[in-house]
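Participant: Before anything else, here's the structure in question.
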Amino acid sequence: MVHPRPHAPPGRSCPARRCPGPPPQPHRAQRLAPGCAHAPRRSAARERAGLAAPAARDGRAPRMSWWRRIAQGLQRWRTHAPGAPRPIPDSLWQATLDAHPFLQQLTPDELRQLRALCQHFLHHKEFTGAHGLIITDAMALSVATQACVLLIHWGTPQQALRWYDDFVGIVIHPDDMVARRTVVDEAGVVHHYNETLMGEAMERGPVTLSWSAIQPGGHPGLGAGSNVVIHEFAHKLDMAHGGADGCPPLPAGFMGYTSAQQARQHWSRVWMAAYEDFCEALAAHERFGQPAPWLDAYAATHPAEFFAVACEAYWVAPTAFAQAQPTLRPLLDALFQRPATPRTM
């Protein structure tokens, strides 16, 4: 009898992927000024009311407890039985590639590596359907392909998947989730509010996703270049050194730097400059009707979210991303160890 593998002890939750709210209002544009790394994050309901969720006292996202309550009535899909990973049927593999057009940009070698990664990923991870949702092979493989595409140039499947060793469980809800939040403002006042989410990643804990947001066709509120699965698994990479700050651990020799400290300083300098420019452009759009920047506005809420949103766009719409964020394309090419060749999407 195969017993479910337990989730790792939960840690801090990463800033979660929220459901798109109404267009930003000019009177709230001040949150997007340079230095907005610690700007408060909003729920959809509070956005509609024009209210900002107060930041936690220590500037970090509030710790999650709501996910513990989904343990009742869950449906599990798992393959982590003893033995070697099972091969993915050709028909299922091709149907998955057809359902996600951005994967067509990959070379034959990259697709072979992706398939091998998915086999190992499915062998070791446990999928759980909330609220009676039954997880099918097609659903599990859909998540696996999008999660593993980030790792296709990071060595063998065993080596690459070490980046995802801090968790086993992936929880999928049929639709968007509502999380109960509690934060304390600077005056010591406790605030409670509900927040609607499409996905969330927890440090040393599970990844939670909304099927309505990640299935082919996606969430109606998501724009071009968006991908919730890539977003949440980019957070997992960012969390690999403890917490999410928009700078994941960088590989040895990153962009020719001989020390990890030099590499991180270069990353931070380029990345934060792009982040501040993006915040300014979005503020100008909100205040004065200037053209909106191409990247999803949610990227302005925190440097960690800027990183995750940039990773979405880098993989899903690489040509548009390179045009919108030309200084970031070389950094992500180096991070994901992809050759800087022209992309067609």
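Under the numbering used here, think of the first position of the sequence shown as -18, with each following residue one higher. Don't be surprised by glycine CBs; every beta carbon is placed ideally from N, CA and C. Fair warning: this is a prediction, and the values are worked out from it, not measured in the lab.
The beta strand (DSSP E) that contains Thr77, what's its start and end?
Facilitator: Position 96 of the sequence shown, counting from 1, holds the residue named residue 77. Premise fails: Thr77 lies in the alpha helix (DSSP H), Asp71 to Ala80, not in any beta strand (DSSP E).
Participant: Output needed for His222: all residues of its chain with C-beta closer than 6 Å, excluding positions within five of it in sequence on either side, in chain order.
Facilitator: If you number the sequence shown from 1, residue 222 lands on position 241. Within the same chain, His222 has close Cβ partners Pro230.
Participant: Out of Ile133, Phe269, Phe259 and Ala265, point me to the one whose CA is closest to Tyr279's CA.
Facilitator: The residue labelled residue 279 in the question sits at position 298 within the sequence shown. Answer by Cα proximity: Phe259.
Participant: I need the boundaries of the alpha helix (DSSP H) containing Thr300, first residue and last residue.
Facilitator: Indexing the sequence shown from 1 puts residue 300 at position 319. Looking at the DSSP string, the run of the alpha helix (DSSP H) that includes Thr300 is Pro299 to Ala305.
Participant: Does DSSP classify Ala205 as helix, strand or coil?
Facilitator: As a first step, residue 205 must be located in the sequence shown, where it is residue number 224. Here Ala205 sits in coil by DSSP.
Participant: Counting only runs of 3+ residues fully inside the region 234 to 290, write out the beta strand (DSSP E) ranges in chain order.
Facilitator: none
Participant: Roughly how many whole angstroms lie between the Cα atoms of Ile153 and Leu92?
Facilitator: In the sequence shown, residue 153 corresponds to position 172, counting from 1. In the sequence shown, residue 92 corresponds to position 111, counting from 1. Each residue's Cα considered, the two are about 25 Å apart.
Participant: On the DSSP letters alone, give me the boundaries of the beta strand (DSSP E) that Glu181 sits inside.
Facilitator: Along the sequence shown, read from residue 1 onward, the residue named residue 181 stands at position 200. Per DSSP, Glu181 belongs to the beta strand (DSSP E) from Val171 to Ala182.
Participant: Please name the residue in Met220, Pro89 and Pro66 whose C-alpha comes closest to that of Val188.
Facilitator: In the sequence shown, the residue the question calls residue 188 occupies position 207. Looking at the Cα atoms, Met220 is the closest of the given residues.
Participant: Who pairs with Leu190 in a beta bridge, going by DSSP?
Facilitator: Residue numbering aside, residue 190 sits at position 209 when the sequence shown is read from its first letter. According to DSSP, which records beta bridges pairwise, Leu190 is partnered with Ile153 and Gly180.
Participant: Leaving out five residues before and five after Ser249 in sequence, what residues of the same chain have Cβ atoms less than 7 Å from its Cβ?
Facilitator: Mapped onto the sequence shown, residue 249 falls at position 268. Excluding sequence neighbours, Ser249 sits near Cys228.
Participant: Identify which residue in Asp118, Gln243, Phe148 and Ala303 has its Cα closest to the Cα of Gln100.
Facilitator: Your numbering for residue 100 matches position 119 in the sequence shown. The residue with the shortest Cα to Cα distance from Gln100 is Asp118.
Participant: Going by Cα to Cα distance, which pick from Val124, Leu98, Ala97 and Arg96 is closest to Thr109?
Facilitator: Working through the sequence shown from its first residue, we reach residue 109 at position 128. The residue with the shortest Cα to Cα distance from Thr109 is Val124.
Participant: Here's a check: name, in chain order, each residue in its chain whose Cβ is nearer than 8 Å to the Cβ of Gln139, leaving out the five neighbours to either side.
Facilitator: Here residue 139 corresponds to residue number 158 of the sequence shown, with the count starting at 1. His101, listed in sequence order.
Participant: Mind checking which residues open and close the alpha helix (DSSP H) that includes Arg310?
Facilitator: Numbered from 1 along the sequence shown, position 329 holds the residue referred to as residue 310. From DSSP, the alpha helix (DSSP H) with Arg310 extends over Arg310 to Leu316.
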